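Novice:
Residue numbers (this note's numbering): 5 to 360.
Rendered as structure tokens:
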């Protein structure tokens, strides 16, 4: 595993500039060599030495590109990922994996047939707050969990008129955007649910928005566990609720969103010492009974966030002879996530509980 993986990125929009390329150039296992920009060369100015190409065909034909990162609008993910793998490239697809489960099933199969690594960019498995929650649950500090509530709220009472908020754009709206993160985190912790009930709405319709901007998804599991996933564009309260967990022994509540997005926007990279580190004022609060009858009330230090681990994991799987078993985020995970999105939409449309 001494060599590096050469990376080509499709697109140089917000997602590529903020969430992907800064991590790619920070990984010791990856080497950025090319970016697809149809009308400009901004990436070459930002990263001297790389090549700018005008089309995905050019990128896919580059012999020195091992890994293609797709950061384009959701409805193009399937086509580009499929073409890249068929051209012999490994692929990372920005979430959501695809816009239908049928497309996702095909990508899973193509990955197997071509023996190419295929992964979905579910970076928020490495949010510091999520890592903290996972650690609390793994260690049983709350006892048997009965309710898991996860929020990803923002406040914007107008439309930015981007493709994510355009009526008729396949895969637009909050459910495919922030919902893909919340759903993946729940599936990572608890697996496939027994049933789904969801309400999905457009609360800003009178302000000219035309897509879903609010949802509540309730996943039910064995042992009376309920996972509530909530997102709204009209949540102005500060600080925003992020997690609320209730167990037989106690509870945990966490406010504030993970710091890594704001840090990456500000140009702070993983090599810097404060990257991924939350201040004490943002730590969550636990109130629970531990083993031996010890009652604990207080703040729990948030684990250090680490988006770079996602990219390092993909690189290591590629360098290990395309060993997909090493992948943390597999294409099958992307398939399950988009299937839950479809069933949530069906539940909302039909106003009923959907059983797996």
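From the three backbone atoms N, C-alpha and C, an ideal C-beta is built for every residue, glycine too.
It should be emphasised that the depicted structure is a prediction, and the values quoted were computed from it without experimental measurement.
Starting from residue 33, follow the alpha helix (DSSP H) in both directions and report where the run begins and ends.
Specialist: Taking the chain shown and counting its residues from 1, one reaches residue 33 at position 29. Unbroken run through residue 33: none, as it is neither H nor E.
Novice: I need the straight-line Cα distance from residue 5 to residue 320, nearest angstrom please.
Specialist: The residue given as residue 5 occupies position 1 in the chain shown. The residue given as residue 320 occupies position 316 in the chain shown. Because residue 5 carries a pLDDT of 45, less than 50, the predicted location of this residue cannot be relied on, and the following value inherits that uncertainty. Between residue 5 and residue 320, the C-alpha separation is close to 8 Å.
Novice: Just the C-alpha distance for residue 296 and residue 76, rounded to the nearest angstrom, thanks.
Specialist: As a first step, residue 296 must be located in the chain shown, where it is residue number 292. As a first step, residue 76 must be located in the chain shown, where it is residue number 72. Roughly 53 Å between the two C-alpha positions.
Novice: Using the Cβ count rule (16 or more neighbours within 10 Å means buried), how would you classify residue 7?
Specialist: Along the chain shown, read from residue 1 onward, the residue named residue 7 stands at position 3. Result: exposed.
Novice: Quick check on the burial criterion: 16 or more other C-beta atoms within 10 angstroms. Buried or exposed for residue 370?
Specialist: In the structure displayed, the chain extends from 5 to 360; residue 370 sits before or after that span and is not available.
Novice: Short check: CB of residue 38 to CB of residue 69, under 8 Å?
Specialist: Here residue 38 corresponds to residue number 34 of the chain shown, with the count starting at 1. Here residue 69 corresponds to residue number 65 of the chain shown, with the count starting at 1. Yes, they are a contact pair.
Novice: Inspect the beta-carbon positions of residue 391 and residue 82 and report whether they are closer than 8 Å.
Specialist: Outside the shown range of the chain, which is 5 to 360, sits residue 391, and nothing can be said about it.
Novice: Who are the near neighbours of residue 274 in its chain, counting only those whose CB is closer than 6 Å to its CB and skipping five residues on each side?
Specialist: For this step, residue 274 is matched to residue 270 along the chain shown. Result list for residue 274: 30, 312, in chain order.
Novice: Quick one: what does DSSP say residue 240 is sitting in, helix, strand or coil?
Specialist: By one-based count along the chain shown, residue 240 stands at place 236. Coil at residue 240, not helix or strand.
Novice: Using a threshold of 8 Å, state whether the C-beta atoms of residue 340 and residue 200 are closer than that.
Specialist: Position 336 of the chain shown, counted from the first residue, corresponds to residue 340. Position 196 of the chain shown, counted from the first residue, corresponds to residue 200. No. Outside cutoff.
Novice: With which residues is residue 151 paired in a DSSP beta bridge?
Specialist: Against the chain shown, residue 151 aligns to sequence position 147. 230, 250.
Novice: Closest to residue 1 by C-alpha separation, out of 206, 116, 137, 123, would be which residue?
Specialist: The shown model of the chain, from 5 to 360, leaves out residue 1, and the question about it has no answer.
Novice: At what residues does the alpha helix (DSSP H) containing residue 142 begin and finish?
Specialist: The residue labelled residue 142 in the question sits at position 138 within the chain shown. Counting along the chain, the alpha helix (DSSP H) containing residue 142 begins and ends at 132-142.
Novice: Taking the C-alpha atoms as reference points, what is the distance between residue 252 and residue 150?
Specialist: Along the chain shown, one-based indexing puts residue 252 at 248. Along the chain shown, one-based indexing puts residue 150 at 146. So the two alpha carbons sit approximately 7 Å from each other.
Novice: Measure from the alpha carbon of residue 152 to the alpha carbon of each residue in 214, 143, 337, 138, then state which is nearest.
Specialist: The sequence position of residue 152 within the chain shown is 148, counting from 1. It is 138 whose Cα lies nearest to the Cα of residue 152.
Novice: Just to confirm before moving on: does the CB-CB distance between residue 99 and residue 72 stay below 8 Å?
Specialist: Start at 1 with the first residue of the chain shown, and residue 99 comes out as number 95. Start at 1 with the first residue of the chain shown, and residue 72 comes out as number 68. Contact flag unset, no.
Novice: If you run the structure through DSSP and keep just helix, strand and coil, what is residue 258?
Specialist: Looking up residue 258 in the chain shown gives position 254. Residue 258 falls in the strand class under three-state DSSP.
Novice: Would DSSP call residue 5 helix, strand or coil?
Specialist: Here residue 5 refers to the residue found at position 1 of the chain shown. Residue placement at residue 5 cannot be trusted, given a pLDDT of 45 that sits under 50; the coordinates are not used to answer.
Novice: Using 10 angstroms around the beta-carbon of residue 88, count the other beta-carbons present and answer buried if the total reaches 16, otherwise exposed.
Specialist: Indexing the chain shown from 1 puts residue 88 at position 84. When all chains shown are included, residue 88 counts as buried.
Novice: From the DSSP output, which residues share a beta bridge with residue 315?
Specialist: Numbered from its first residue, the chain shown carries residue 315 at position 311. Partner(s): none; residue 315 has no beta bridge.
Novice: For a quick check, are the C-beta atoms of residue 178 and residue 134 less than 8 Å apart?
Specialist: Sequence index remark: in the chain shown, residue 178 carries index 174 (1-based). Sequence index remark: in the chain shown, residue 134 carries index 130 (1-based). It is not a contact, given that the beta carbons lie outside the stated cut-off.
Novice: Provide the residue(s) that pair with residue 72 in DSSP beta bridges, ordered along the chain.
Specialist: The residue labelled residue 72 in the question sits at position 68 within the chain shown. Per DSSP, 12, 95.
Novice: Report back the beta-carbon spacing between residue 192 and residue 288 to the nearest angstrom; my notes put them in contact at under 8 Å.
Specialist: For this step, residue 192 is matched to residue 188 along the chain shown. For this step, residue 288 is matched to residue 284 along the chain shown. Not quite, the Cβ-Cβ distance comes to about 18 Å (not below 8 Å), so this is no contact.
Novice: In this structure, how does DSSP classify residue 214 when only helix, strand and coil are distinguished?
Specialist: Sequence index remark: in the chain shown, residue 214 carries index 210 (1-based). Three-state DSSP puts residue 214 in coil, outside helix and strand.
Novice: Looking at the strands, I want to know which residues DSSP matches up with residue 302.
Specialist: For this step, residue 302 is matched to residue 298 along the chain shown. Residue 302 pairs with 290.
Novice: So is the beta-carbon of residue 63 under 7 Å away from any non-hydrogen atom of the ligand ADP?
Specialist: Of ligands this structure carries none, so the ligand ADP is not represented either.
Novice: Going by alpha carbons, who is nearest to residue 223 out of 9, 33, 268, 359?
Specialist: Within the chain shown, numbered from 1, the residue matching residue 223 stands at position 219. For the residues 9, 33, 268, 359, the minimum Cα distance to residue 223 belongs to 359.
Novice: Where does the unbroken beta strand (DSSP E) through residue 202 begin, and where does it stop?
Specialist: Residue mapping note: residue 202 aligns to position 198 of the chain shown, counting from 1. Unbroken beta strand (DSSP E) run through residue 202: 199-205.
Novice: I need the straight-line Cα distance from residue 187 to residue 344, nearest angstrom please.
Specialist: Position 183 of the chain shown, counted from the start, is the residue given in the question as residue 187. Position 340 of the chain shown, counted from the start, is the residue given in the question as residue 344. One C-alpha to the other measures close to 8 Å.
Novice: Which same chain residues end up closer than 7 Å to residue 241 when comparing Cβ atoms and leaving out the 5 residues on each side of it in sequence?
Specialist: Within the chain shown, residue 241 is the residue found at index 237, counting from 1. Answer for residue 241: no residue qualifies.
Novice: Which residue from 246, 232, 104, 121 puts its Cα closest to that of residue 158?
Specialist: Along the chain shown, one-based indexing puts residue 158 at 154. The option with the nearest alpha carbon to residue 158 is 246.
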